[in-house]
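**Student:** My questions all concern the structure below.
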Amino acid sequence: MKFSALFFAAACLQLLVSVQAQPKYNLVSIVTDDQAQWSVGAYGNREAITPNLDRLAREGAKFNQAFVTTPVCSPSRVAFLTGLYGTQIGVTDWITPDEGAGGMGLPKTATTWPQVLQKNGYKTALFGKYHLGSLPENHPTKRGFDYFMGHVQGGFAPMNPKLEVGGKMVELKGPASDIVMDDALRWIEANQDKPFATLIHFREPHMPYGPMPDEDTKPFANLDPTVPPQRGLDIAQVKRLHREYYAAVHAVDRNLGKLLALLDRLNLSGKTIVM
109 MKFSALFFAA
119 ACLQLLVSVQ
129 AQPKYNLVSI
139 VTDDQAQWSV
149 GAYGNREAIT
159 PNLDRLAREG
169 AKFNQAFVTT
179 PVCSPSRVAF
189 LTGLYGTQIG
199 VTDWITPDEG
209 AGGMGLPKTA
219 TTWPQVLQKN
229 GYKTALFGKY
239 HLGSLPENHP
249 TKRGFDYFMG
259 HVQGGFAPMN
269 PKLEVGGKMV
279 ELKGPASDIV
289 MDDALRWIEA
299 NQDKPFATLI
309 HFREPHMPYG
319 PMPDEDTKPF
329 ANLDPTVPPQ
339 RGLDIAQVKR
349 LHREYYAAVH
359 AVDRNLGKLL
369 ALLDRLNLSG
379 KTIVM
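Here the sequence shown is numbered in my numbering, starting from 109 and rising by one per residue.
Written as structure tokens, this is what we have:
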């Protein structure tokens, strides 16, 4: 037993020295909103168009048995950022605007993984949706992020959204998916010489699914989506919603392609983990 303990300790020490000697990997984490597993080509869908999401699955690790413990927005984001259950910090449902303004949100007692990286020399940023409290003390910049551009509340418009930029709410022109990603790309390029963690939280494909740019809607204009027959189901409506949903998923995938192209252009692909 003593030998085993000594061997284990020595192995841990060797691993620690090895990790410390290695360069720090950049991290890019992408979260979509209300996207189902079945909407991605890598999981067998033949109607969706997701070449970049499929590339991540092909070149990396694809999880087949992952599930969410509380399938609503705010508790999911609590778990993702902290590793805690929403019940552990009092966030068990999506945070309404009134609740956010009243102080509900991610408490100081909950450590986020961006905070850990921040303390270890990483530059950190969050783009897009936060939904973990709207008071100044719950702001992303108080929870481990050097930079934030997006919306602290639950959602924003898919086109011409009003987002926080430089600490002020600004009405922006264009598709929200492109606005969020383009700001993230600018930030990555400006911080490429340091280890960084970039979190990109899309509002897509949450309802309302559109409007979306023509380049995202046209591939599905003539699609006849597969819908199982069900008594009382408005088939035409469901097929229309499928086409709109696929367009929103396509907007995410198209923007992911822009990110992967930038990492290649900056020679960062070999030292960046994309999740």
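For glycine and all other residues, C-beta sits at the position ideal for the given N, C-alpha and C.
Is Ser137 helix, strand or coil by DSSP?
**Tutor:** Three-state DSSP puts Ser137 in a strand.
**Student:** By the 10 Å Cβ neighbour count, where 16 or more other Cβ atoms means buried, how is Gly241 classified, buried or exposed?
**Tutor:** Classification for Gly241: buried.
**Student:** Does Thr217 come out as helix, strand or coil in the three-state DSSP assignment?
**Tutor:** Thr217: coil per DSSP, three-state reduction.
**Student:** Quickly, what does DSSP pair Glu272 with across the bridge? List them, please.
**Tutor:** Glu272 is bridged to Gly258 and Met277.
**Student:** Give the range of the alpha helix (DSSP H) segment to which Ala305 is assigned.
**Tutor:** That residue, Ala305, is in no alpha helix (DSSP H); its beta strand (DSSP E) goes Phe304 to His309.
**Student:** Would Ala187 and Gly198 qualify as a contact pair, given that the criterion is a beta-carbon distance under 8 Å?
**Tutor:** No, Cβ-Cβ distance for Ala187 and Gly198 is not below 8 Å.
**Student:** I need the DSSP call for Thr334, collapsed to helix, strand or coil.
**Tutor:** Thr334: coil per DSSP, three-state reduction.
**Student:** Going by the beta-carbon positions, is the gap between Ile203 and Ser184 smaller than 8 Å?
**Tutor:** Not in contact: Ile203 and Ser184 (Cβ atoms no closer than 8 Å).
**Student:** Is the segment 320 to 330 touching the segment 353 to 371 in the sense that three or more CB pairs, one from each, lie closer than 8 Å?
**Tutor:** The segment 353 to 371, when compared against the segment 320 to 330, does touch it at the 8 Å Cβ threshold.
**Student:** Using the beta-carbon count (16 or more within 10 Å), is Val278 buried or exposed?
**Tutor:** The residue is exposed, with fewer than 16 neighbouring Cβ atoms inside 10 Å.
**Student:** Mapping the DSSP letters down to three states, classify Gly194 as helix, strand or coil.
**Tutor:** Reduced to three states, the DSSP call for Gly194 is helix.
**Student:** Mark Asp291 as exposed unless 16 or more other C-beta atoms lie within 10 angstroms of its C-beta, in which case mark it buried.
**Tutor:** By the 10 Å Cβ count, Asp291 comes out buried.
**Student:** When the distance is taken between beta carbons, is Gly252 closer than 8 Å to Pro215?
**Tutor:** Result no, Cβ atoms of Pro215 and Gly252 do not sit closer than 8 Å.
**Student:** Select from Gly378, Thr217, Ala369 and Pro319 the residue whose C-alpha is nearest the C-alpha of Met289.
**Tutor:** Answer by Cα proximity: Ala369.
**Student:** Quick check on Leu69: does DSSP put it in helix, strand or coil?
**Tutor:** The chain is shown only over 109 to 383; residue 69 falls outside these bounds and no answer can be derived.
**Student:** Exposed or buried, what is Ala233 when buried is set at 16 or more other beta-carbons lying within 10 Å of its beta-carbon?
**Tutor:** By the neighbour-count rule (16 or more Cβ atoms within 10 Å), Ala233 is buried.
**Student:** If you count every other CB in all the chains shown that lies within 10 Å of the CB of Phe111, and 16 or more means buried, which is it?
**Tutor:** Reliability of the predicted coordinates at Phe111 is poor, the pLDDT of 40 falling under 50, and no value is obtained from them.
**Student:** Taking only three categories from DSSP, how would you classify Thr178?
**Tutor:** Here Thr178 sits in coil by DSSP.
**Student:** Tell me which same chain residues have a C-beta within less than 8 Å of the C-beta of Thr200, skipping the five on either side of it?
**Tutor:** So the list reads Thr178, Pro183 and Gly194, once near-sequence residues are dropped.
**Student:** Just to confirm my understanding: we take Cys120, look at its own chain, exclude 5 residues before and 5 after, and list those with CB closer than 8 Å. What are they?
**Tutor:** Its pLDDT being 49, under 50, Cys120 is placed unreliably by the model, and nothing is read from it.
**Student:** Answer with buried or exposed for Val176, where buried requires no fewer than 16 other C-beta atoms within 10 angstroms of its C-beta.
**Tutor:** Exposed, by the Cβ-count rule.
**Student:** Looking at the structure shown, is Thr325 part of a helix, part of a strand, or coil, going by DSSP?
**Tutor:** In this structure, Thr325 counts as helix in the three-state DSSP scheme.
**Student:** Classify Glu312: buried if its beta carbon has 16 or more other beta carbons within 10 angstroms, exposed otherwise.
**Tutor:** Looking at its Cβ environment, which holds 16 or more other Cβ atoms inside 10 Å, Glu312 is buried.
**Student:** According to the neighbour-count rule (16 or more other Cβ atoms, all chains shown, within 10 Å of its Cβ), is Pro248 buried or exposed?
**Tutor:** Result: buried.
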